[in-house]
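Peer 1: The following block contains the structure, expressed as structure tokens.
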Amino acid sequence: MESSAQPWYRQLHWQILGAMIAGAIAGGLGGEAIVPKVGWLGTLFLELLRMIILPLIVTSIVSGVSSVGGGRDLGRLFGKTLGYYVLSSFLAILAGLAVVNIIRPGAGNKAFTGPDTALPDLKTPNSPVDLLLDIIPDNLVAAAAEPNYLAVILFSILLGMSIAALPEEPRGRLVGIFDAGFQAMMKLTSGIIVFLPIGVFGLIARLVGETGFSSFRALALYILTLATGLSFHLFVTLPLLLILLGRIRPKNHFRNMAGPLMMAFSTSSSAATLPLTIRNVEEKVGVSNRVSSFVLPMGATVNMDGTALFECVGALFIAQTLGADLSVLQQLIVVMTALLASIGAAAVPSAGLVIIFIVLDAVNLRGPEVDAMVGAMLAIDRPLDMYRTAVNVFSDSCGAAIIAKSEGEPNIDA
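For reference, each letter of the sequence shown is one residue, going 2 to 415 in our numbering.
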């Protein structure tokens with residue numbers, strides 16, 4: 002977690018900005034000659050991100066789902082919570098899908114591709130039934146090795162639900178193991194993110210050395226597209242859910258959640274914001290501890306509306322840039338993958354960048370051009386990450402308010 006009390010030069014967003022400037026200068030002065038000298042730093046950082054995907058999503062999902070426990074009341078609360086989170090994430094992805102197809106930020110974008118760039122052999126199931134069968138692994142180890150992340154995510158969800166249904170003693174032991182594993186992966190992820198400025202320097206130096214500064218102009222529409230989708234979800238979709246599902250006035254909820262939204266924006270971490278979110282939801286929104294202590298921690302683990310939207314927009318932006326005209330079924334794969342993969346996004350800064358590889362792999366978008374685009378997106382991601390974290394936290398709080406209202410709690414956002 003970043004702290005505003007830290008000196009400015011130790012705050013991650015300033016370090017990233019400095020690395021971008023330094024990388025751009027190095028690439029501009031060194032040209033293509035500098036690429037083999039520093040480009041490997043960016044490649045190494047991307048490989049570190051890929052390295053942690055599998056254990057991160059397994060421990061995150063199993064820990065979050067299995068910690069729910071049993072009992073009729075908890076089962077009802079779990080059903081409402083999961084239903085809201087799936088709905089809100091799905092609506093966020095649809096918003097992203099709409100804006101990326103309307104604006105088409107990657108269409109005609111040649112900054113990351115050369116004249117001889119070959120279009121990847123995109124995966125295309127023959128039918129929705131084939132898509133469903135692909136998600137169910139006949140060999141989990143093989144699925145992890147391919148990698149077939151959708152199969153691993155589905156298995157992790159089912160395993161977490163099975164552990165939640167066990168008697169208290171074995172459930173407690175298994176929850177403790179997976180929770181400890183998740184905490185370890187959070188530490189490792191945060192440790193890798195510390196080296197983000199070095200990775201950004203290498204990626205930007207290679208990008209500018211190979212393509213010049215045209216790549217930054219090409220990212221302007223991508224930034225506009227993502228910001229438009231996030232804004233629509235934050236100011237239109239979520240308020241409509243408050244009105245339709247909870248009969249709650251959005252203006253009151255925004256006012257009561259102003260503090261957590263600012264903290265989420267400044268820290269880029271749902272987990273770091275969680276204590277303040279719980280306090281405001283209980284003291285200002287008026288949600289009981291019974292609901293908030295269940296819904297909000299679960300939301301910080303599995304409900305990532307902004308992240309899901311980002312993954313959808315990012316994957317389709319890359320596909321458009323490569324000239325891939327994704328069919329409806331292929332876009333459905335992106336939607337399903339973004340929805341399931343967002344569940345495995347850890348609540349730490351820039352963790353969504355780890356998960357985007359899952360979405361890209363789902364439609365076989367791989368190769369040096371894809372890595373270059375991911376690197377460029379990573380370099381300018383910090384303010385976008387701050388914004389989508391605020392969206393994630395606000396969605397969690399909306400869920401807590403709506404579920405509390407459905408449980409008969411009075412004076413929610415009064």
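Note that the Cβ used here is the ideal one computed from N, Cα and C, for glycine as well.
Counting only C-beta atoms, is R291 closer than 8 Å to chain B at any point?
Peer 2: Any reference to chain B falls outside this structure, which holds one protein chain only.
Peer 1: Who are the near neighbours of L175 in its chain, counting only those whose CB is closer than 8 Å to its CB and skipping five residues on each side?
Peer 2: Here residue 175 is taken as the residue at index 174 of the sequence shown, counted from 1. Closer than 8 Å at Cβ, skipping near neighbours: S67, I164, L167.
Peer 1: Find out if the Cβ-Cβ distance for the pair I224, L379 is shorter than 8 Å.
Peer 2: Stepping through the sequence shown from its first residue, residue 224 is reached at position 223. Stepping through the sequence shown from its first residue, residue 379 is reached at position 378. Not in contact: I224 and L379 (Cβ atoms no closer than 8 Å).
Peer 1: Tell me the DSSP secondary structure of F255 in three-state form.
Peer 2: Sequence index remark: in the sequence shown, residue 255 carries index 254 (1-based). F255 falls in the helix class under three-state DSSP.
Peer 1: Looking only at its own chain, which residues have a Cβ that is under 7 Å from the Cβ of L189, when we skip the five neighbours before and after it?
Peer 2: As a working note, residue 189 is residue 188 in the sequence shown. Excluding sequence neighbours, L189 sits near I53.
Peer 1: What are the boundary residues of the alpha helix (DSSP H) that S407 is part of?
Peer 2: Working through the sequence shown from its first residue, we reach residue 407 at position 406. Per DSSP, S407 belongs to the alpha helix (DSSP H) from 383–407.
Peer 1: Give a yes or no on contact between the stretch 197–206 and the stretch 86–94, applying the rule of three or more CB pairs nearer than 8 Å.
Peer 2: Verdict: no, contact absent.
Peer 1: Decide if the stretch 329–343 is in contact with the stretch 355–372; the criterion is three or more beta carbon pairs, one per stretch, under 8 Å apart.
Peer 2: Contact between the stretch 329–343 and the stretch 355–372 is present, because at least three Cβ pairs lie under 8 Å.
Peer 1: For the alpha helix (DSSP H) that contains E147, what are its first and last residues?
Peer 2: In the sequence shown, residue 147 corresponds to position 146, counting from 1. Segment: none, E147 is in no alpha helix (DSSP H) and carries neither H nor E.
Peer 1: Going residue by residue through the stretch 277–356, where are the continuous alpha helix (DSSP H) segments of at least 4 residues, counting only ones entirely within it?
Peer 2: Within the stretch 277–356, the complete alpha helix (DSSP H) runs of at least 4 residues are 290–303, 306–322, 329–344.
Peer 1: DSSP three-state call for L412: helix, strand or coil?
Peer 2: Numbered from its first residue, the sequence shown carries residue 412 at position 411. Sequence check: residue 412 is Asn here, not Leu. N412 falls in the coil class under three-state DSSP.
Peer 1: Can you tell me whether K1 is buried or exposed, with buried defined as 16 or more other CB within 10 angstroms of its CB?
Peer 2: No information on residue 1 is available, as it lies outside the stretch 2 to 415 that the chain covers here.
Peer 1: Taking its Cβ as the centre, do 16 or more other Cβ atoms sit within 10 Å of G177, making it buried, or is it exposed?
Peer 2: One-based indexing of the sequence shown puts residue 177 at position 176. G177 should be labelled exposed.
Peer 1: Hey, quick one: how far does the alpha helix (DSSP H) through P106 stretch, first residue to last?
Peer 2: Translated into positions along the sequence shown, residue 106 becomes position 105. Unbroken run through P106: none, as it is neither H nor E.
Peer 1: Following the continuous alpha helix (DSSP H) through F46, name the residue where it begins and the one where it ends.
Peer 2: For the purposes of this step, residue 46 is taken as residue 45 along the sequence shown, with counting starting at 1. It spans 36–52 - the alpha helix (DSSP H) in which F46 sits, taken as one unbroken run.
Peer 1: Looking at C-alpha atoms only, which residue of A401, A143, Q184 is the closest neighbour of G247?
Peer 2: For the purposes of this step, residue 247 is identified with residue 246 of the sequence shown, where counting begins at 1. Per the Cα distances, A401.
Peer 1: When you compare the CB positions of V296 and I404, do they come within less than 8 Å of one another, or not?
Peer 2: Position 295 of the sequence shown, counted from the first residue, corresponds to residue 296. Position 403 of the sequence shown, counted from the first residue, corresponds to residue 404. Taking 8 Å as the Cβ cut-off, V296 and I404 qualify as a contacting pair.
Peer 1: Taking the Cβ atom as the reference point for each residue, do I35 and G43 lie within a distance shorter than 8 Å?
Peer 2: As a working mapping, residue 35 is identified with position 34 in the sequence shown. As a working mapping, residue 43 is identified with position 42 in the sequence shown. Not a contact, by the Cβ cut-off of 8 Å.
Peer 1: Just verifying my parser: in three-state terms, what is the DSSP assignment at E3?
Peer 2: The residue labelled residue 3 in the question sits at position 2 within the sequence shown. A caution first: E3 carries a pLDDT of 46, below 50, which makes its placement in the model too unreliable to give a value.
Peer 1: Please report the straight-line C-alpha distance between G84 and L243, rounded to a whole angstrom.
Peer 2: Within the sequence shown, numbered from 1, the residue matching residue 84 stands at position 83. Within the sequence shown, numbered from 1, the residue matching residue 243 stands at position 242. Each residue's Cα considered, the two are about 15 Å apart.
Peer 1: Assign N102 to buried or exposed, taking buried as 16 or more other Cβ atoms, counted over all protein chains shown, within 10 Å of its Cβ.
Peer 2: Your numbering for residue 102 matches position 101 in the sequence shown. N102 comes out exposed.
Peer 1: Are the beta-carbon atoms belonging to P106 and Q321 less than 8 Å from one another?
Peer 2: Walking along the sequence shown from the start, residue 106 turns up at place 105. Walking along the sequence shown from the start, residue 321 turns up at place 320. Their beta carbons are under 8 Å apart, which means P106 touches Q321 by this criterion.
Peer 1: With a CB to CB cut of under 8 Å and the five nearest residues on each side skipped, what residues in its chain are close to A415?
Peer 2: Locating residue 415 in the sequence shown gives position 414, where the first residue counts as 1. Closer than 8 Å at Cβ, skipping near neighbours: N253, G287.
Peer 1: Do you know whose CA, among P369, F395, D382, P411, lies nearest G40's CA?
Peer 2: Here residue 40 refers to the residue found at position 39 when the sequence shown is read from its first residue. Ranking P369, F395, D382, P411 by Cα distance to G40 puts P369 first.
Peer 1: If you drop the 5 nearest sequence neighbours on each side, which residues of the same chain put their C-beta closer than 7 Å to that of A145?
Peer 2: Position 144 of the sequence shown, counted from the start, is the residue given in the question as residue 145. L55, V153.
Peer 1: Counting only the same chain and skipping the five closest in sequence on each side, list residues whose C-beta sits under 6 Å from that of A20.
Peer 2: Translated into the one-based positions of the sequence shown, residue 20 becomes position 19. For A20, where only same-chain residues beyond five positions count, the Cβ hits under 6 Å are P198, V201, F202.
Peer 1: In angstroms with no decimal places, state the Cα-to-Cα distance between K38 and F395.
Peer 2: Position 37 of the sequence shown, counted from the first residue, corresponds to residue 38. Position 394 of the sequence shown, counted from the first residue, corresponds to residue 395. Whole-angstrom Cα-Cα distance: 43 Å.
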